[in-house]
Amino acid sequence: MSQERSTEVRRSEPAMDVEWFRWELCQERQFRLDQLMDLAREETTPFSPAVAEVRAVLKAGAVRALEEIDAALSRLATGVFGACEMCGEMLPLHRLRAIPTVRLCLRCEHRQARNARPVGR
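Residue 80 in the working numbering sits at position 100 of the sequence shown, and the numbers go up by one each step.
The following block contains the structure:
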């Protein structure tokens, strides 16, 4: 029985450090806010159409990232951070550490991607 118990302990993941995730998300949030401020400051400078297009894409990406970060911080505040939004299973810590804004487990992410494919592919 003690051998079974030690196997269970080794297989389980370490406890989630909520404060570490909060700190990481806040750091990323500040980076995105700074990025948006820099982009806004430079809007008065005339650019070629190509550069303006790249800047618009950068701005849209920063806004999307900021929305995802705010959603992750909200999940932390409500106690549901780390749970898949589709199936409710807890996400592996290594996945959360790599992408703290992740909302879905891999199985649900793949399922969602399959359902989003255009017909005929």
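Ideal Cβ positions, reconstructed from N, Cα and C, are used throughout, including at glycine. Computed from a predicted model, the values in this text were never measured in an experiment.
Taking C-beta atoms under 8 Å as the contact rule, R35 and L16 fail to qualify, at a distance of about 11 Å.
By DSSP's assignment, M70 forms a beta bridge with A63. D18: member of the alpha helix (DSSP H) spanning V(-2) to R21, first to last residue. DSSP, reduced to helix, strand and coil, places T81 outside both helices and strands of the structure shown, so it counts as coil. The shortest C-alpha to C-alpha distance from Q7 to any of M(-4), V31, P80 and A(-5) is the one to P80.
Pairing E47 with R83, the inter-Cα distance amounts to about 13 Å.
Remark: C-beta atoms of M66 and C88 approach each other more closely than 8 Å.
Sequence-distant Cβ neighbours of I49 in its own chain, meaning closer than 7 Å and more than five residues away, are L5, E8, R9, R12 and T81. Only residues of its own chain outside the window of five on either side were considered, and among them M(-4), M70, L71 and L76 have a CB closer than 7 Å to the CB of G62, listed in chain order.
The alpha-carbon of A42 is positioned some 27 Å away from that of N95. With a cutoff of 8 Å on beta-carbon distance, L38 and R2 are scored as not near each other.
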